[in-house]
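J.: Letter 382 of the sequence shown, counting from 1, is numbered 391 in the working numbering, and no numbers are missing.
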Amino acid sequence: MYDFVVVGAGPAGSRFARSAAESGHDVLVLESGEIGRPLACSGHVSLDIWDFLPGEDDRRESSESRAVNDERSEASAASAHDDLFQNDIYGARFHLGGADSEAHTFYKDEPVSNAIDRVGLDKTLAECAEQAGAEVRDGYTVTDVEEQPGRVEVTAKGPDGVESFECRIVAGADGPRSRVRQEVGLPEPEELLHGVLGFDFEPDDADYVDVHLTVPRFFAWRIPRGEAGVEYGLAVSPGDDAPGRFEELLEDYGVELDERCSGAIPIGPPERTVGKRSFLVGDAAAQTKPFTGGGIIYGMRAADIAAREIDPEQPATLESYETAWREELAGDQRLGKLIRAGYSMPKPVQKAGMKAFSGEIGVHMDRPTSLFSKAQLRALLSWN
Numbered sequence: 010m011y012d013f014v015v016v017g018a019g020p021a022g023s024r025f026a027r028s029a030a031e032s033g034h035d036v037l038v039l040e041s042g043e044i045g046r047p048l049a050c051s052g053h054v055s056l057d058i059w060d061f062l063p064g065e066d067d068r069r070e071s072s073e074s075r076a077v078n079d080e081r082s083e084a085s086a087a088s089a090h091d092d093l094f095q096n097d098i099y100g101a102r103f104h105l106g107g108a109d110s111e112a113h114t115f116y117k118d119e120p121v122s123n124a125i126d127r128v129g130l131d132k133t134l135a136e137c138a139e140q141a142g143a144e145v146r147d148g149y150t151v152t153d154v155e156e157q158p159g160r161v162e163v164t165a166k167g168p169d170g171v172e173s174f175e176c177r178i179v180a181g182a183d184g185p186r187s188r189v190r191q192e193v194g195l196p197e198p199e200e201l202l203h204g205v206l207g208f209d210f211e212p213d214d215a216d217y218v219d220v221h222l223t224v225p226r227f228f229a230w231r232i233p234r235g236e237a238g239v240e241y242g243l244a245v246s247p248g249d250d251a252p253g254r255f256e257e258l259l260e261d262y263g264v265e266l267d268e269r270c271s272g273a274i275p276i277g278p279p280e281r282t283v284g285k286r287s288f289l290v291g292d293a294a295a296q297t298k299p300f301t302g303g304g305i306i307y308g309m310r311a312a313d314i315a316a317r318e319i320d321p322e323q324p325a326t327l328e329s330y331e332t333a334w335r336e337e338l339a340g341d342q343r344l345g346k347l348i349r350a351g352y353s354m355p356k357p358v359q360k361a362g363m364k365a366f367s368g369e370i371g372v373h374m375d376r377p378t379s380l381f382s383k384a385q386l387r388a389l390l391s392w393n
């Protein structure tokens, strides 16, 4: 019997598997397809991403172990950055119209975020989980999850047919339309947006992303990815014409894409994310930023909390995870909702706000609560 079966090898699932394995637990990870594919998520992330990659900030090593492994860790960290990094981003240009409309620029004098290889990120994090001792299998589609007294039975269709796995706790890290969530009867996120992404492989190492507040209740974006090209995307509410709006965006920029993908974006955590012997993490738990839909960092922060709080032999500790991750993310998610509300304000109000606040910023892209930080206050006082 495994301590944990993790369904899904995205960032949150692999991060939890790594953290739990490092704590001495027996962990099995099941991924339905190829790890990292199909791509359904943007590769624009805060600089915090490097804290979760090998060798960068491994707090679990003892000082003695760290001294022995310093050289190996530094090489590993450099390798991860070199393999995944695509471009430095210094800020964003906000538009109330199309590609040629007036831009209101928010910036820093140093990089605020990076464009990275999103598929490579998933693969790297899964490798980290394996190196920590977790067993990772791809090509396994979970078809049934049964919580029973003392155990959970997970059934999956794999390369050799149907197999069953027993564990003490099952982790649902299987995305916005989580099969685990459905099987154990946990509620759904408040909202599922329809996101569309596309890639032009023509190199672009520009310093800013472009954000268009022309999509009802959300936005469209353009992200320069260095030698990897440019990412275009948008998200809309269900029932809206996502493909049609995306075509309008591409026509406005006069671009033809080399690759396209789409997926659901969960906004607003469900009322509960834990069952009798189960829990959700990452997009399955809607641990995302309401104002961008991004969930890579939030999901991995929650994954570390799960590994810290949940004892597989004590299912009651699931409630500790429920409480702890909400306390960790609640402030930023609440403020993120308010920021998103600004996307739907009348254009004159949006324009006035952008003119008033454009310029140098001190806000962390993953932490809206940093709006009240000393760094942001200094930036406010420096505006002309």
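The beta-carbon is built from N, C-alpha and C at its ideal position, and this holds for glycine as well.
Can you give the beta carbon distance from E322 to R177, rounded, assuming they're within the 8 Å contact cut?
T.: Translated into positions along the sequence shown, residue 322 becomes position 313. Translated into positions along the sequence shown, residue 177 becomes position 168. That pair is a contact at about 6 Å.
J.: If contacts are defined as beta-carbon pairs under 8 Å, then D292 and G129 qualify, I think. What distance do you get, rounded to the angstrom?
T.: For this step, residue 292 is matched to residue 283 along the sequence shown. For this step, residue 129 is matched to residue 120 along the sequence shown. Contact doesn't hold; Cβ gap of about 19 Å is too wide.
J.: Which residues does DSSP list as the beta-bridge partners of E155?
T.: By one-based count along the sequence shown, residue 155 stands at place 146. Its beta-bridge partners are E162.
J.: Is H221 a contact residue of the ligand SAH, with contact defined as CB to any heavy atom under 7 Å?
T.: Of ligands this structure carries none, so the ligand SAH is not represented either.
J.: Can you find at least 3 beta carbon pairs, one from the segment 128-144 and one from the segment 40-54, that sit closer than 8 Å?
T.: yes
J.: Rounded to the nearest angstrom, what separates D153 and Q191 at their Cα positions?
T.: Within the sequence shown, residue 153 is the residue found at index 144, counting from 1. Within the sequence shown, residue 191 is the residue found at index 182, counting from 1. Each residue's alpha carbon lies about 10 Å from the other.
J.: Exposed or buried, what is R68 when buried is set at 16 or more other beta-carbons lying within 10 Å of its beta-carbon?
T.: Working through the sequence shown from its first residue, we reach residue 68 at position 59. Only weak support is given to the placement of R68: the predicted model assigns it a pLDDT of 34, under 50, and the value that follows is read from those uncertain coordinates. Looking at its Cβ environment, which holds fewer than 16 other Cβ atoms inside 10 Å, R68 is exposed.
J.: Please report the residue range of the alpha helix (DSSP H) in which I314 lies.
T.: In the sequence shown, residue 314 corresponds to position 305, counting from 1. For I314, the enclosing alpha helix (DSSP H) begins and ends at I305 to E318.
J.: Quick one: Cα of H113 to Cα of A361, how far?
T.: Here residue 113 refers to the residue found at position 104 when the sequence shown is read from its first residue. Here residue 361 refers to the residue found at position 352 when the sequence shown is read from its first residue. Taking the straight line from one Cα to the other gives about 11 Å.
J.: May I have the straight-line CA-CA distance separating F9 from S246, to the nearest angstrom?
T.: Since the first residue of the chain shown is 10 and the last is 393, residue 9 is not available in this structure.
J.: Any idea what DSSP makes of I274, helix, strand or coil?
T.: On the sequence shown, residue 274 is found 265 positions in, with the first residue counted as 1. The answer is strand: DSSP assigns I274 an E or B state.
J.: Could you check if G122 is buried or exposed, using at least 16 other CB atoms within 10 Å of its CB as the buried criterion?
T.: In the sequence shown, counting from the first residue as 1, residue 122 sits at position 113. Residue identity check: residue 122 is Ser in the sequence provided, not Gly. Residue environment: S122 is assigned as buried (16 or more neighbouring CB atoms within 10 Å of its CB, all protein chains considered).
J.: Determine whether the beta carbon atoms of L259 and V205 lie at a separation below 8 Å.
T.: Taking the sequence shown and counting its residues from 1, one reaches residue 259 at position 250. Taking the sequence shown and counting its residues from 1, one reaches residue 205 at position 196. No, they are not a contact pair.
J.: For A316, I'd like the list of residues in its chain whose CB is within less than 7 Å of its CB, leaving aside the five on either flank, ordered along the chain.
T.: Mapped onto the sequence shown, residue 316 falls at position 307. Excluding sequence neighbours, A316 sits near F25, S28, A29 and S32.
J.: Helix, strand or coil for H53, going by three-state DSSP, please let me know.
T.: What you label residue 53 is simply residue 44 of the sequence shown in a count that begins at 1. DSSP places H53 in strand when its eight states are reduced to three.
J.: In the DSSP assignment, find the unbroken beta strand (DSSP E) run with I370 in it and report its ends.
T.: The count along the sequence shown starts at 1 and reaches residue 370 at position 361. No beta strand (DSSP E) holds I370; DSSP gives it neither H nor E.
J.: Go to G340, then tell me how far its beta strand (DSSP E) extends in each direction, as first and last residue.
T.: Taking the first residue of the sequence shown as position 1, residue 340 is located at position 331. Per DSSP, G340 belongs to no beta strand (DSSP E); it is in the alpha helix (DSSP H), L327 to A350.
J.: Could you check which residue in P63, E197, I98 and G17 has the C-alpha nearest to that of D92?
T.: The residue given as residue 92 occupies position 83 in the sequence shown. The candidate whose alpha carbon is nearest that of D92 is P63.
J.: Can at least three beta-carbon pairs, one atom from the segment 48-56 and one from the segment 140-160, be found at a separation below 8 Å?
T.: no
J.: Secondary structure at T150, three-state DSSP: helix, strand or coil?
T.: Locating residue 150 in the sequence shown gives position 141, where the first residue counts as 1. Residue state, collapsed to three classes: strand.
J.: What does a CB cutoff of less than 8 Å around F227 pick up in its chain, not counting 5 residues either side in sequence?
T.: Sequence index remark: in the sequence shown, residue 227 carries index 218 (1-based). Only L202, L243, A244, V245, S246, G302, R349 and Y352 meet the Cβ criterion.
J.: Any contact of the segment 210-224 with the segment 99-112, i.e. 3+ C-beta pairs under 8 Å?
T.: These segments touch.
J.: Name the residue from H53, V161, V14 and F61 whose alpha carbon lies nearest to the alpha carbon of D313.
T.: As a working note, residue 313 is residue 304 in the sequence shown. Comparing Cα positions, the closest option is F61.
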